[in-house]
Structure formats: structure tokens, C-alpha cells
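Respectively, the protein sequence lines represent chains C and A. Per this note's numbering, numbering of the first sequence is gapless, rising by one per residue and ending at 261. Per this note's numbering, numbering of the second sequence is gapless, rising by one per residue and ending at 261. The C-beta atom is built at its ideal place from N, Cα and C for all residues, glycine as well. Quantities reported herein were computed from a predicted structural model and do not represent experimental measurements.
Number of protein chains: 2
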Amino acid sequence: MPVTPIESSPAKTQDICVPRPISLDDIDRHLLDLVQDDAGRSLYELGDEVGLSPSAVQRRLTRYRTSGLLARQIAVLDPRVLGETMTSVVLVALDRESESLHTAFRDEMLAEPRVQQCYGIVGQWDYVIVHVTAGLRESRALSQRLFLDHPNVRRYETLPALESIKVGLTLPLRAPD
Amino acid sequence: MPVTPIESSPAKTQDICVPRPISLDDIDRHLLDLVQDDAGRSLYELGDEVGLSPSAVQRRLTRYRTSGLLARQIAVLDPRVLGETMTSVVLVALDRESESLHTAFRDEMLAEPRVQQCYGIVGQWDYVIVHVTAGLRESRALSQRLFLDHPNVRRYETLPALESIKVGLTLPLRAPD
DNA sequence: CGTGAAAGTTTGATTGT
DNA sequence: ACAATCAAACTTTCACG
């Protein structure tokens, strides 16, 4: 009896843009929570915490990496130790809804090191930007250069952050309902 | 002649809340840029890139850690591999300006794992929150639980993110003027 | 999944500039 | 004060049970 070749069927566009969700058990979620908080632990330590041998932990981490779930490992700096450092949130609306216009705007955000985050949103604003500078003066100068002097920015509003209450990239790992 | 005991004077409050800015040379900034982007490299690789021996690199990294500049090392996950994942930016204004009210609000944000970031801002809004959920439904449910049902939230506005154009915690390491 | 041996990495003492 | 070298300790890797 011929078997329907589900597994070997050519990749659909969706598989490339949005990878197939990986399935995770309780140990996977425990491990991922641990490394999201501190990626500096040894396989031995991690195995100890989740009740697995170092090589079983390694096999799982390798699986997360090859699936693309574990994208990278980064060092997080404390801005307070760098001296005056200010974070600002900026809401931006562009002029027209042309595709190439938005692409150009995105490329500028990607190229500017002081832009830490940029989200495309729906509603009366088009983008939310988080940028980091050495104080109010530089913050205003950067917003002016990026947004005021930009011909396609219709309007923007800068919300200077007094305080960073919670900052991270941790994703919640929901158990399947 | 008696020496003014500047170095041995007791720590001021400011020294505890805002640590003294660390001084960085070109190699420090190069190293920190490298580990902010990828903390998985070996001391040998890092040394190769900046032109130093592994142990010289290690001594510098240790210095960043003990000064608190290098706060931690984390694994970054790609939300697309987890299936439906949605990021929303929420602007929140609280009712009154009481200290304990704000503290309670902050503690809630710190306790909720789906709240990824929270900044205290100035202007017509008090806080900007970034939260991550499994879709529009959960996003609205979370905003409702955190903000609508909260007696002290005067008003809030949710900006659903269609696209995460740039996401990171990288700090710009400006050279001293 | 666990074990264990080989390869690679980090650590710290020592010496030199 | 800071860098390089080297050997010991630890960590990661991977073939096998």
C-alpha cells in the first residue's frame, strides 16, 4: 500500500517564512527558561537542575539551535555603569503607505546602533522605536535626525523613559492547553 | 602633610544606585561589541579578533563582570519557532501620583512573564509596556487583566505589533568625545 | 538516555615588558 | 599596570551501549 509522502513534500512558502512550531516537553521548557535567564551555565549544571545527563542536555540544546528556536547567545550590559544613559520610546507615523518608503525607513532603523528596538504596529502610528542615547540632548538630536529631518515621517512623538523597570527578551513558554 | 582621604571615604548613596562610570579603551569597546552580538565565542577567538591573548581577554571580561557592566549572558529565542506569537506595545496612565500605587503596578509588571519590558516615562502616559502573547485574543485578555481590571489605571492604549523589525538589548558604546 | 574518552576551553600562577 | 605563556581543571563533543 503506497504511503502518502507527507514528510517529503516540497516546502511551502509558509514553511520558509514561518518555521513549523517545534514541540516542547516540560524539560524543554524548564531548560529554555534556565538559559533564557542565564546562558553561562555548564551542561553539567543544567543537567543537574532538570534531572538529565550533560549529553542529554546538549542534544536538546543542539535541537533548539538547529530548529532556529535558540537564535543566539548574547552578553547584556548594564547601562548605568556606562555613565549617563537614556532610553526613549518614539511613536512614528509615515506619510504615505508605499512599500519602498517603509523599506527605506526600516533599513535606517536597522543601521542606527542607538536604535535598540523597532516594531511595526497597527493603528494611528506606524512604528514604535526604542532608542538609547547619552542623555536628553543626544536623544532629541537623534530623534530629530531620524524623524524630523526625514521627508516621509508625517509625525512623531518622543516619550523619554525615566526608569527601566523591566528590560529583557525573555519569551513566555506556555504549556500547550 | 595630611592627605584628604578621597579614596577611602564611605560610599555615598549615589555610588550604590548609580555605579561610577567605568573607563573603556578601544579594545574594550571592540570586545564588548563582539560579546553583545555573540557571547558564545571562545577567549581564543575573541583574542584573535581584538589582537590579544586569551588570558588578556579573560582579564578584561572579568573586569566588566566585577564592575557590573557585563550584567549577564542570556539565550535569545526566536518567537516564530514557537508558533503563533504576538508582541504588543501598551501605553498606560495611572490614576493618581501616589508612590505606593506605582510600586504595586511595577511589581505586577515584574511578576508577569508575558511582560517583556516596562519603562516609566514622562508626559501624558506613565508607562510603556511590551508584552508577548500567543495571539490577538490572549493579548487583549492580558491587557484587560493587567490594565482594564486594574483600579488604578486611568487609561491605556494597546498598539499591536505586526512586525518585529529590530529587537535587541545592544547598547551603543560611544567613544569619549 | 547515559557513559566515558578525546578535543577544546577556561583559569590562574608565573614571568616578562 | 598590563600582556603572554603554559599547565591544570573544567567543559563540550561524540561514538557507543
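Residue-chain proximity (residue i, chain A), Cβ-Cβ < 7 Å
i, result
"MET170/C", "no"
"ILE111/C", "no"
"GLU129/C", "no"
"GLN228/C", "no"
"GLN200/C", "yes"
"PRO197/C", "yes"
"VAL134/C", "no"
"GLY152/C", "yes"
"ALA346/C", "With chain C running from 85 to 261 in the structure shown, residue 346/C is simply not present."
"VAL141/C", "no"
"VAL165/C", "yes"
"LEU178/C", "no"
"ALA123/C", "yes"
"PRO260/C", "no"
Between the CA atoms of residue j and residue i - distance to the nearest angstrom
i, j, result
"LEU255/A", "CYS202/C", "14 Å"
"LEU116/C", "ALA225/C", "40 Å"
"ARG164/A", "VAL214/A", "17 Å"
"ILE249/A", "VAL216/A", "15 Å"
"ARG113/A", "LEU161/A", "26 Å"
"HIS186/A", "SER172/C", "20 Å"
"GLN200/C", "VAL251/A", "7 Å"
"ARG156/C", "ALA123/A", "8 Å"
"VAL212/A", "LEU230/A", "13 Å"
"LEU220/C", "ARG149/C", "40 Å"
"ASN236/A", "LEU243/C", "21 Å"
"ASP132/C", "ARG180/A", "48 Å"
"LEU232/C", "LEU127/C", "50 Å"
"ARG258/C", "SER139/A", "41 Å"
"ASP110/A", "LEU118/C", "33 Å"
"LEU130/A", "GLU168/C", "28 Å"
"ARG238/A", "ALA177/A", "6 Å"
"GLU247/C", "HIS234/A", "21 Å"
"ALA195/C", "ALA188/C", "11 Å"
"TYR240/A", "LEU253/A", "25 Å"
"GLU192/A", "MET170/C", "24 Å"
"LEU145/C", "LEU108/C", "12 Å"
"SER184/C", "GLY204/C", "15 Å"
"GLN120/A", "GLN120/C", "15 Å"
"GLY207/C", "ARG190/C", "18 Å"
"ALA245/A", "VAL174/A", "10 Å"
"SER151/A", "ALA218/C", "19 Å"
"ARG104/A", "ARG147/A", "14 Å"
"SER223/A", "ILE158/A", "25 Å"
Limits of the alpha helix (DSSP H) - the one that residue i falls within
i, result
"SER248/A", "First-last for SER248/A: 237-250, but that is the beta strand (DSSP E), not the alpha helix (DSSP H)."
"SER126/A", "First-last for SER126/A: undefined, no H or E at that position."
"LEU220/C", "220-227"
First through last residue of the beta strand (DSSP E) which encompasses residue i
i, result
"LEU178/A", "170-178"
"ILE106/A", "Neither: ILE106/A is in no beta strand (DSSP E) and is coded neither H nor E."
Residue(s) in a DSSP beta bridge with residue i
i, result
"HIS186/C", "Paired residues: none, contrary to the question."
"ALA159/A", "GLN157/C"
"GLY47/A", "Because chain A is modelled from 85 through 261, residue 47/A falls outside the range shown and cannot be assessed."
For residue i, three-class secondary structure by DSSP
i, result
"VAL199/A", "strand"
"ALA140/A", "helix"
"HIS215/A", "strand"
"PRO194/A", "Residue 194/A is actually Leu in this sequence, not Pro. In the structure shown, LEU194/A sits in a helix (DSSP, three-state: H, G or I)."
"LEU116/C", "helix"
"THR254/A", "coil"
"GLU133/C", "helix"
"TYR148/A", "helix"
Min CB distance residue i to chain C below 7 Å
i, result
"GLY252/A", "yes"
"PRO256/A", "yes"
"LEU232/A", "no"
"ARG156/A", "yes"
"SER248/A", "yes"
"GLN120/A", "yes"
"LEU161/A", "yes"
"VAL216/A", "yes"
"GLY219/A", "no"
"VAL174/A", "no"
Heavy atom of the ligand ADP within 6 Å of residue i beta-carbon
i, result
"LEU145/A", "As presented, the structure is devoid of all ligands, the ligand ADP included, so that no description of it is given."
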